[in-house]
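K.L.:
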DNA sequence: GTCTATAATAGGATAGAC
DNA sequence: GTCTATCCTATTATAGAC
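Protein chains in written order, with this note's numbering: chain A, 4 to 214; chain B, 4 to 214.
1. Can you list the residues of chain A that residue 33 of chain B reaches, using a CB-CB cut of under 9 Å?
2. Under 9 Å between beta-carbons, which chain A residues line up against residue 120 of chain B? List them in chain order, please.
3. So the alpha helix (DSSP H) residue 28 of chain A belongs to, where does it begin and stop?
4. In terms of alpha-carbon separation, which member of B:84, B:93, B:28 and B:96 lies closest to residue 64 of chain B?
5. Any idea which residues DSSP pairs residue 196 of chain B with across the strands?
6. Could you tell me whether the Cβ atoms of residue 203 of chain B and residue 97 of chain B are closer together than 8 Å?
7. Please work out which residues of its chain come closer than 6 Å, Cβ to Cβ, to residue 17 of chain A, disregarding the five sequence neighbours upstream and downstream, and give them in chain order.
8. Could you give the DSSP three-state label for residue 79 of chain B: helix, strand or coil?
9. Within 10 Å of its beta-carbon, does residue 182 of chain A have 16 or more other beta-carbons around it, so buried, or fewer, so exposed?
10. Closer than 8 Å, Cβ to any Cβ of chain B: which residues of the segment 179 to 190 of chain A, in chain order?
11. Considering only residues of the same chain and omitting the five flanking positions on each side of residue 198 of chain B, which have a CB-CB separation below 7 Å?
12. In chain order, what residues of the segment 109 to 134 of chain A put their CB closer than 9 Å to some CB of chain B?
13. Thinking C-alpha only, which one of A:141, A:191 and A:110 is nearest residue 23 of chain A?
14. In the DSSP assignment, find the unbroken alpha helix (DSSP H) run with residue 112 of chain B in it and report its ends.
15. Please report the straight-line C-alpha distance between residue 61 of chain A and residue 88 of chain B, rounded to a whole angstrom.
16. Output the distance between the C-alpha atoms of residue 86 of chain A and residue 107 of chain A, rounded to the nearest integer angstrom.
17. Going by beta-carbon coordinates alone, are residue 270 of chain B and residue 160 of chain A separated by less than 8 Å?
18. Of the residues B:168, B:95, B:167 and B:114, which one's Cα is nearest the Cα of residue 136 of chain B?
19. Tell me the rounded alpha-carbon separation between residue 93 of chain B and residue 196 of chain A.
20. First and last residue of the alpha helix (DSSP H) that includes residue 104 of chain A?
21. Check each candidate in A:81, A:77, A:115 and A:47 and name the one with the smallest Cα separation from residue 66 of chain A.
22. With DSSP as the reference, label residue 159 of chain A as helix, strand or coil.
23. When the distance is taken between beta carbons, is residue 150 of chain A closer than 8 Å to residue 167 of chain B?
24. Tell me the DSSP secondary structure of residue 84 of chain A in three-state form.
25. How would you list, in chain order, the residues of chain B whose beta-carbon sits under 8 Å from the beta-carbon of residue 144 of chain A?
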C-alpha cells in the first residue's frame, strides 16, 4: 500500500525523542522520567535534547496536543450530526480507538498527567471532548435508543475504556486496529442499547463510511 | 503537648500522611510529589515524615497493599465458587466498586504507578486479580450466559472501568457507594450478557441494597 | 546537530536538640 | 514526635567548542 520506508530508514531525531519519551513517560510517569533517560533511549547525550525541544515540558506538551487534536474535532462533528445518535457515537468510537491503536506514540503518558496542575493549560480541549461524548449519549437516551442510564456515569465508563485501550495498545502499531476498534465500540454499545439486536445494523452502517 | 481539638475526632499523623499523600500522588504523580509537599499538607515539617515512614517509597507501598489486599481475596473466592458465573462476577464487582468508593485514600495513585519498575515487586498480587476476573468471564462464556467476546479484552475493559471509578470517586467517601456499585456492575453485565433480561434476576440475587 | 563541562536548584534522607 | 540544620545526590538547563 503505502510506500515502505527503505530498510536503512532514518527516523528524525525529533521524532525519535517523541517516541521514546512517550514510552518512558507511560511506564515511569512524566516526573519519574529524566531527560538523561530519554537521551539514552534516543542514543544521544542529554543536552542534545534541548536543540529539538526548549524544555522537557514541551515534549509532553506536544504529545498532549497530538492526543487531543483530531479526537475533539471528530467527536464534535458527530455530536452535531443528524440521525441515529447511537450510530454517530459508534462511528466516533471506532475512529478514536483505531487512532489510538495506530499512533506511533504511547499516549498513555497523556492520560497520566491530565490532572497534573503543571499541564492545566491543556484541559480546555479535553473538556470539549467530554461534552461532545455526553451529548451523543443524552441524544440516544432521549430518542429511546439507549436505556436510561446516568449519562455522566456512562460517559465516564467510555472514557475509562478508551483510556485503558490507550494504556494497553498505544505505541505498538497494533496490526488489527479496526478489529479492536469494532470489538470495543460494540462492547460499549451493547451496554447502552435498549435493544441489543440493533447492534448488527449499527455496525454494518458504521463500517460503510469507514476509511 | 498540643491542645486537644475540642470534641473533634483526632486523626493520627500517620493516617493523615497516607490520606494527603494519596491525594497528592493522584494529582501530580508519585515522582511529581515531593516529601515537602506532603508534609505541608499534613501541617508538619518535612523531616517529621520519616518518623512515621522509613522512606517516601514506603508510603506508596502501603497504599498499594491496601488497594490489592482484599480485592484479590474476594475475586479469587468468587472465581472458585459454584453456580452462575455471571452472578459471581456481579457480586465481586459490586463489592470491589463499593470498596473503592468508601476508601479513605485516593487509590488512583496506585493505578498510576502499576507499571513503574520501582514498584515491580507489587505486581504478583495484581496478576492474581486479573486471572480471577478472566476466569469468571470464561466460565460465563462457556456456560452460555455471556456472548462469546474476547475474554482478555472484556477483562481489560472491566479493569479500565474499575480503574476509572477509582480515579473518579476514591478518597471522597462517596455517600451512595452501593448505588454507584450497582450502576457500574450493571453496565458491565449488560455489555456481556447474552440475554440482557437476566440482569434483573442477577441484581436481585447479588445486590445487597436494591435500587 | 551533537558534544563536554558545568551552573543552579530541588529532592530524599539523617543528626541531634527539645 | 516534632523541630532546625544540613548533607549529598540527581536533575533541568545553559555555554560554548567542533
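Note that the Cβ used here is the ideal one computed from N, Cα and C, for glycine as well.
P.N.:
The relevant details are as follows:
1. Going along chain A in sequence order, the residues near residue 33 of chain B (Cβ under 9 Å) are 32, 34 and 35.
2. Under the 9 Å cutoff, chain A gives 30 and 31.
3. 16 to 31
4. B:28
5. B:149
6. no
7. 55
8. Three-state result, residue 79 of chain B: helix.
9. Residue 182 of chain A should be labelled exposed.
10. Residues of the segment 179 to 190 of chain A that bring their beta carbon within less than 8 Å of a beta carbon in chain B comprise 183, 186, 187 and 190, in sequence order.
11. Nothing listed; no residue qualifies.
12. So the list reads 111, 115, 116, 118, 119, 120 and 121, given in the order they occur along the chain.
13. A:110
14. First-last of the alpha helix (DSSP H) with residue 112 of chain B: 111 to 115.
15. Going from the Cα of residue 61 of chain A to the Cα of residue 88 of chain B covers about 49 Å.
16. 34 Å
17. The structure shown does not extend to residue 270 of chain B, since chain B spans only 4 to 214, so no value can be given for it.
18. B:95
19. Residue 196 of chain A has its alpha-carbon roughly 20 Å from the corresponding atom of residue 93 of chain B.
20. 88 to 105
21. Considering only alpha carbons, the answer is A:115.
22. helix
23. no
24. coil
25. Chain B residues near residue 144 of chain A: none, gap ~14 Å exceeds 8 Å.
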